[in-house]
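Peer 1: If you read the sequence shown in the working numbering, its first letter stands for residue 26, the second for the next number, and so on.
All C-beta atoms, glycine included, are put in the ideal place defined by N, C-alpha and C.
Here the structure is a predicted model, which means the values were calculated and not measured.
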Amino acid sequence: MASDLPFYKTVIAGGLAGAIEISVMYPTDVAKTRAQLSTTRTTMLRTFGEILRSEGPLGLYRGVLSPIMAEAPKRATKFAANEEFKHLLSSADGSLPSYRACTLDMRVHVCVCAFVRLCSVCICAFVCNTWDCVRQMVAKEGVLSVYNGIFAHICRNSAWNGTYFAAIGTVRNWFPSKPDDSHAKVLSKKFLSGLVGGMIGVVFATPFDVVKSRLQNQLPGQERIYTGVFSSLKRILATEGLSALYKGFFPRLVRLGPGGGIMIVAFDFFSNLLRPL
Numbered sequence: 026m027a028s029d030l031p032f033y034k035t036v037i038a039g040g041l042a043g044a045i046e047i048s049v050m051y052p053t054d055v056a057k058t059r060a061q062l063s064t065t066r067t068t069m070l071r072t073f074g075e076i077l078r079s080e081g082p083l084g085l086y087r088g089v090l091s092p093i094m095a096e097a098p099k100r101a102t103k104f105a106a107n108e109e110f111k112h113l114l115s116s117a118d119g120s121l122p123s124y125r126a127c128t129l130d131m132r133v134h135v136c137v138c139a140f141v142r143l144c145s146v147c148i149c150a151f152v153c154n155t156w157d158c159v160r161q162m163v164a165k166e167g168v169l170s171v172y173n174g175i176f177a178h179i180c181r182n183s184a185w186n187g188t189y190f191a192a193i194g195t196v197r198n199w200f201p202s203k204p205d206d207s208h209a210k211v212l213s214k215k216f217l218s219g220l221v222g223g224m225i226g227v228v229f230a231t232p233f234d235v236v237k238s239r240l241q242n243q244l245p246g247q248e249r250i251y252t253g254v255f256s257s258l259k260r261i262l263a264t265e266g267l268s269a270l271y272k273g274f275f276p277r278l279v280r281l282g283p284g285g286g287i288m289i290v291a292f293d294f295f296s297n298l299l300r301p302l
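(1) Between which two residues does the alpha helix (DSSP H) harbouring Phe295 extend?
(2) Cβ-heavy atom distance between Gly282 and the ligand MN below 6 Å?
(3) Give the range of the alpha helix (DSSP H) segment to which Arg181 is assigned.
(4) Count Cβ pairs between the stretch 219 to 238 and the stretch 281 to 288 that sit closer than 8 Å; are there 3 or more?
(5) Alpha helix (DSSP H) containing Arg239: first to last residue?
(6) What residue does the alpha helix (DSSP H) around Arg87 start on, and which one ends it?
(7) Could you check the C-alpha separation between Gly43 and Phe295 for me, to the nearest Å?
(8) Could you tell me whether the stretch 263 to 274 touches the stretch 194 to 204, where touching means 3 or more Cβ pairs closer than 8 Å?
(9) Between the Cα of Glu265 and the Cα atoms of Ser79, Ser183, Ala291 and Val236, which residue gives the shortest distance?
(10) What first and last residue would you give for the alpha helix (DSSP H) that runs through Ser256?
(11) Take Arg181 and list the residues in its own chain whose beta-carbon comes closer than 7 Å to its own, dropping the five residues that flank it on each side.
(12) In chain order, what residues of the same chain lie with their CB nearer than 8 Å to the CB of Ala269, ignoring the 5 residues before and after it?
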C-alpha cells in the first residue's frame, strides 16, 4: 500500500487515517456496545435516540479520546509489522495471494492486541459511564485485570482484519485500476474494496466482539459468569440463542463497512501527501 514510504511517514499516515475514521464513525460504535450489553432487544436508531435524549449529542462521543489517542501507536505497529510479514509471505513474483494476506494480518494483530488492550477497556468503561470500574479493577484485582478478555480481543481482531485484507486483495483483483481511470474512479474502487472487506470481516468477528464486551463488563466483586472465549460462546448460544452472538451486528456493520473504505482512502490520501514529489 505504501511500502515506498519511510517508516515514520507510514506511522503518520496510518495515525491520521485512523483518527479520521474514528471521528466519522465512532457514534455507531457507542450504539453497538450499548446494544451488546443490553439484555433486551433494541435497534441502532432506538439506541441513538435514547442517548440523545438522556445525554445529548456529546453522549455519542463518550470515550472517543481513548481510541483516537491509541490509533497512532496502534497503526505504527500494524503497518510496520504488516510490511515485514508481507515480505516474508509474498510469492516469488512479488504477489500476495488472498489466503496469505489473511494469515499475514492475523499475525500482525496478535502483535498489536496486547498494546491496545488497555485503551479498549477504557472505551467500554466510558461508553457505559462506569470509569470508576477501571480504578476498582486495578485496586482490587491488580493491573493484569485490565487484560480480561485479551484472547477474545485477539480472536476478534484476527477474524476481522484477516478477512478484511484478504477481501480487499480479492476485490482489487476483480476491479483493477486502469491507466485511463479518473482519480475519482480510482478512489471509488479503493473505497469499494475496503467496504466489502469490512462487511465480510464483521460477519466473522462479531461473535468474538460480543464475548469481549461481556468479559470486559464484569465488575469487580461480581460472580464471573463469563470466563473463556469458547465457553462464553457456548453459554450465550445455549441461553440466549444464535441471535445474541450477533447483538450490535448492524451498528458494527455500519461502522466497519464504510469505516473500512474510509480507512483505505484516507491512508492513501495521507500517503500521497507525504510522498516526495
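Peer 2: Result, derived from the coordinates:
(1) Phe274 to Leu299
(2) With respect to small molecules bound, the structure shown includes none, and the ligand MN cannot be examined in it.
(3) Ile175 to Trp199
(4) yes
(5) His208 to Gln241
(6) Here Arg87 belongs to no alpha helix (DSSP H), and DSSP marks it neither H nor E.
(7) 11 Å
(8) no
(9) Val236
(10) Val254 to Glu265
(11) Ala230, Phe233, Asp234 and Lys237
(12) Val235, Ile261 and Leu262
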